[in-house]
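Using the working numbering, count along the first sequence one by one with no gaps and you end on 650. A virtual CB, placed ideally from N, CA and C, is assigned to each residue, including glycine.
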Amino acid sequence: MNLIDEIKRSACEAIAQVYDKQVTADEILINETKPEFEGDYTLVTFSLAKTLGKRPDEIAQDLGARMVQDNSLFTGFNVIKGFLNLSVNQEFFIDFLNSNWNEKQFGSFEPNGKKVMIEYSSPNTNKPLHFGHLRNIFLGYSIANIFKATGHEVIKANLINDRGIHICKSMVAWLHYANGTTPESTGIKGDHLVGDYYVKFNDIHKIQIEDLVSKGLPKEEAEKKTPILIEAQELLRKWEAGDAATMALWKKMNDWVYAGFRFTYNRMGIDFDMMYYESDTYLLGKKIIEKGLVNGVLFKKEDHSVWIDLTADGLDQKLLLRGDGTSVYMTQDIGTANLKYSDYKMDTSVYVIGDEQNYHMQVLKLIMQKLGEPGADGIYHLSYGMVELPSGKMKSREGTVVDADDMIDEMTAIAKKNTEELGKVDGFTDEELDTLFDTLGMGALKFYLLRVDPKKRMIFNPQESIDFHGFTGPFIQYTHARISSILRKANAGEVDLAIESTAVITSVEKDLLSLLEQYPATLLQAAHEYNPSVVCNYIYRIAKEFNSFLVEHSVLKAEETSVKAMRLKLCYLTRHILAHGLGLLGAKAPERM
RNA sequence: GGUCCGGUAGCUCAGCUGGAUAGAGCAACAGCCUUCUAAGCUGUAGGCCAUUGGUUCGAAUCCAAUCCGGAUCACCA
Numbered sequence: 058m059n060l061i062d063e064i065k066r067s068a069c070e071a072i073a074q075v076y077d078k079q080v081t082a083d084e085i086l087i088n089e090t091k092p093e094f095e096g097d098y099t100l101v102t103f104s105l106a107k108t109l110g111k112r113p114d115e116i117a118q119d120l121g122a123r124m125v126q127d128n129s130l131f132t133g134f135n136v137i138k139g140f141l142n143l144s145v146n147q148e149f150f151i152d153f154l155n156s157n158w159n160e161k162q163f164g165s166f167e168p169n170g171k172k173v174m175i176e177y178s179s180p181n182t183n184k185p186l187h188f189g190h191l192r193n194i195f196l197g198y199s200i201a202n203i204f205k206a207t208g209h210e211v212i213k214a215n216l217i218n219d220r221g222i223h224i225c226k227s228m229v230a231w232l233h234y235a236n237g238t239t240p241e242s243t244g245i246k247g248d249h250l251v252g253d254y255y256v257k258f259n260d261i262h263k264i265q266i267e268d269l270v271s272k273g274l275p276k277e278e279a280e281k282k283t284p285i286l287i288e289a290q291e292l293l294r295k296w297e298a299g300d301a302a303t304m305a306l307w308k309k310m311n312d313w314v315y316a317g318f319r320f321t322y323n324r325m326g327i328d329f330d331m332m333y334y335e336s337d338t339y340l341l342g343k344k345i346i347e348k349g350l351v352n353g354v355l356f357k358k359e360d361h362s363v364w365i366d367l368t369a370d371g372l373d374q375k376l377l378l379r380g381d382g383t384s385v386y387m388t389q390d391i392g393t394a395n396l397k398y399s400d401y402k403m404d405t406s407v408y409v410i411g412d413e414q415n416y417h418m419q420v421l422k423l424i425m426q427k428l429g430e431p432g433a434d435g436i437y438h439l440s441y442g443m444v445e446l447p448s449g450k451m452k453s454r455e456g457t458v459v460d461a462d463d464m465i466d467e468m469t470a471i472a473k474k475n476t477e478e479l480g481k482v483d484g485f486t487d488e489e490l491d492t493l494f495d496t497l498g499m500g501a502l503k504f505y506l507l508r509v510d511p512k513k514r515m516i517f518n519p520q521e522s523i524d525f526h527g528f529t530g531p532f533i534q535y536t537h538a539r540i541s542s543i544l545r546k547a548n549a550g551e552v553d554l555a556i557e558s559t560a561v562i563t564s565v566e567k568d569l570l571s572l573l574e575q576y577p578a579t580l581l582q583a584a585h586e587y588n589p590s591v592v593c594n595y596i597y598r599i600a601k602e603f604n605s606f607l608v609e610h611s612v613l614k615a616e617e618t619s620v621k622a623m624r625l626k627l628c629y630l631t632r633h634i635l636a637h638g639l640g641l642l643g644a645k646a647p648e649r650m
């Protein structure tokens, strides 16, 4: 049991003893005591005043006395208004350190029997990944790690949007303007090459719109009637009919893109357990719709289109099949959701998708529930805000995007520059240096994108490069490297860590231990909230507290052996948590930097 | 217009299941390397927590209204 829960339990017991009233642990509020007051944790008694029929300060006084008397966990208390500040026995922290300092499982929970699928990344294959995609990818990967750590069985899934009008646009433009060039012939990364022709399509499309408008067509109509667009639509029809040449081109260009994506995912250290392709799933869902018609959940209009009426739930009517029997987006999603569930029977199915699809996801879940689909209740939309530039939203059609590959290059270059300026890497091989730059660059990038609450949109200014100081990935990594350095130098073996430390701990040491103890509870919170920024904030506090500890106390030159042993254990445990926490964010923890 | 999300230091963000004098980082300023990595530490300065009203012993936090920003409400994906 963690410390805060133990304090709550103890408080409930004291309430039962003193007032003969039953109170649940949920009704007890425990905060960390503010630094300016004496004590470690504070029980706030105001909310108990009504149920106990006493003044808050009296309750605090009564409970404090009782808890200190009955439970050796507490060594003292003071009361300020309704705040009961409790001092925790430092033996608790010493015991905690002794039993966990070398515990590799600290921060990993036993399997809880729950299975969860996380779908993330889910790119279109008509353009390379940009900065906005990175937020999605890092979020999904991190949440998957956090769920694993908290005992879930996790399936990481990627649903690749490999078909549709968007890829046909790239195909048309390539056919007309590429002269048969390929990634091999140009040396351009496959996803970028295909993306270039997507941009080319839009350029031509725009020119043709102007042309049509000058011939007297209204703009709205012109947008739908440009020759190049009509050609793309024709290509889509051919694709759906299985035309051999079209399929071959489609496959060729998608393969270019996949090679490009694979390279980028590898570089980012991102992987998946299951790939779904929309070309395999886009026809799914119709059977489920038909079933829904039979049992009356859905209805048909005169033109044979199929709808669901969600007005009773405060939403609209939603189309599920067109009059000609073809699917819409929602139909596919219903089919894919059904397929995922029949593949894995997971308890929770997480979709990492931007907040512009909040409504869509709400409707999807509701429809699944009304259709009585198994797994419908487990659908969870992990919604995140868009990454914007100071000038506004990124638009790939207009080329105002920060490219993911460029961003990674830039971060690695900054890591290199910073490292060289500091000149601390004598003795590194070239290979080790490259690994380090990669570790730091990716660490900075991932931390930067994960440290903000997912649901908030964030603004990224490319002019201001991502920092390596303060609340950043490299700062955590730096702290990890410092600890590693100390532990390397300490391996003389003159201190036996196997014996239980009994040293007296100072204030900073206790504060650090107190924080370290909260790690498992913090992970549960992060999982519960689907929020990696909780982990970012936590490991940042740890790193900061450790650095403060380090300027006050020497580990290797500790005054006594018992103190040295205790501090070494503190180093081990802190290092473990920093590395583990960074790992949950998808970042690495360097031994030296 | 309906629905949803956001508005906290110059900038980027914590804090939001109500609790003590609202916290970090960056930027600014002042200190700290003959001692385990200064990518660090310490300090100063910086706030009508969008506005107004309500609930409460107590509100950045809950409720309502208003203002600002965004998303969405397609036989697009």
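Exercise. Does DSSP classify Phe356 as helix, strand or coil?
Worked result: strand
Problem set entry | Cutoff 6 Å; reference Ile203; Cβ partners in own chain excluding five residues on either side | Closer than 6 Å at Cβ, skipping near neighbours: Ala583, Ala584, Leu641.
Exercise. Can you tell which of Ile151, Ile72, Phe188 has the C-alpha that lies nearest to the C-alpha of Asn518?
Worked result: Phe188
For this session: Could you tell me if Val561 is buried or exposed, where buried requires 16 or more neighbouring beta carbons within 10 angstroms of its beta carbon?
Result: exposed
Exercise. Using a Cβ-Cβ cut-off of 7 Å (strictly less than) and excluding sequence neighbours within five positions of Val101, which residues of its own chain qualify?
Worked result: So the qualifying residues of the chain are Leu86, Asn88, Gly139, Phe140.
Problem set entry | Euclidean distance between Cα positions of Asn415 and Pro168 | 31 Å
Problem set entry | Of the residues Lys546, Lys282, Phe494, Ser590, the one placed nearest Asp466, counting alpha carbons only | Phe494
Problem set entry | Exposure label - Met58; buried when at least 16 CB within 10 Å | Burial call: exposed.
Exercise. Where does Gln374 land, buried or exposed, given buried means 16+ other C-beta within 10 angstroms?
Worked result: Exposed, because fewer than 16 other Cβ atoms sit within 10 Å of the Cβ of Gln374.
Exercise. Under a three-way DSSP split, which group does Gly317 fall into?
Worked result: helix
Exercise. In its own chain, which residues sit with a C-beta less than 8 Å from the C-beta of Met464, not counting the 5 before and 5 after it?
Worked result: Phe188, Leu191, Leu502
For this session: With a threshold of 16 other CB atoms inside 10 Å of the CB of Arg545, please say whether the residue is buried or exposed.
Result: exposed
For this session: Provide the residue span of the alpha helix (DSSP H) that contains Phe195, from first to last.
Result: 188 to 206
Problem set entry | For Glu89, three-class secondary structure by DSSP | strand
Problem set entry | In DSSP terms, what Trp364 is bridged to | According to DSSP, residue pairing for Trp364 in a beta bridge involves Phe356, Leu376.
Exercise. Does the Cβ-Cβ distance between Gly96 and Asn146 come in under 8 Å?
Worked result: no
Problem set entry | Reduced DSSP secondary structure (H/G/I, E/B, other) of Gly326 | coil
Problem set entry | Cut-off 7 Å between Cβ atoms - residues of its own chain near Lys226, not counting five sequence neighbours on either side | Hits under 7 Å: Asn183, Tyr255, Phe258, Ala289.
Exercise. Should the region 337 to 344 be regarded as contacting the region 224 to 239, the criterion being three or more beta carbon pairs within less than 8 Å?
Worked result: These segments do not touch.
Exercise. Going by the CB atoms, is the gap between Ile224 and Trp307 shorter than 8 Å?
Worked result: yes
Exercise. Hey, how far is the Cα of Ile657 from the Cα of Val409?
Worked result: Missing from the structure shown is residue 657; the chain here goes from 58 to 650 and no further.
Problem set entry | Segment limits, alpha helix (DSSP H) that includes Val591 | For Val591, the enclosing alpha helix (DSSP H) stretches over residues 590 to 609.
Exercise. With a CB to CB cut of under 6 Å and the five nearest residues on each side skipped, what residues in its chain are close to Tyr597?
Worked result: The answer, listed in chain order, is Phe528.
For this session: Give the single residue among Gln575, Met387, Thr303, Leu570 whose Cα lies nearest to the Cα of Ile151.
Result: Leu570
Problem set entry | C-alpha distance - Gly121 paired with Ser144, whole-angstrom precision | Between Gly121 and Ser144, the C-alpha separation is close to 10 Å.
Exercise. So, do the region 258 to 269 and the region 277 to 297 have three or more beta carbon pairs nearer to each other than 8 Å?
Worked result: Yes: at least three Cβ pairs fall under 8 Å.
For this session: Can you tell me which of Glu586, Ser522, Lys621 puts its alpha carbon nearest to the alpha carbon of Thr563?
Result: Lys621
Problem set entry | Burial state of Glu521, where buried means 16 or more other Cβ atoms lie within 10 Å | By the Cβ neighbour-count rule, Glu521 is exposed, with fewer than 16 other Cβ atoms within 10 Å of its own.
Problem set entry | Option nearest Glu93 by Cα separation, candidates Gln79, Asn142, Lys107, Ile72 | Asn142
For this session: Any chance you could list the alpha helix (DSSP H) runs of at least 4 consecutive residues sitting entirely within the region 432 to 501, in chain order?
Result: 461 to 479
Problem set entry | Residue range of the unbroken alpha helix (DSSP H) whose run includes Leu569 | 564 to 574
Exercise. Which partner residues does Ser144 have in the DSSP bridge list?
Worked result: According to DSSP, Ser144 bridges with Gly133.
For this session: May I have the straight-line CA-CA distance separating Arg379 from Leu428, to the nearest angstrom?
Result: 18 Å
Problem set entry | Backbone CA spacing between Gly498 and Ala472 [nearest angstrom] | 5 Å
Exercise. Among Arg649, Thr99, Glu359, which has the Cα closest to the Cα of Val482?
Worked result: Arg649
Exercise. Going by DSSP, what residues sit across from Gly411 in a beta bridge?
Worked result: Tyr441
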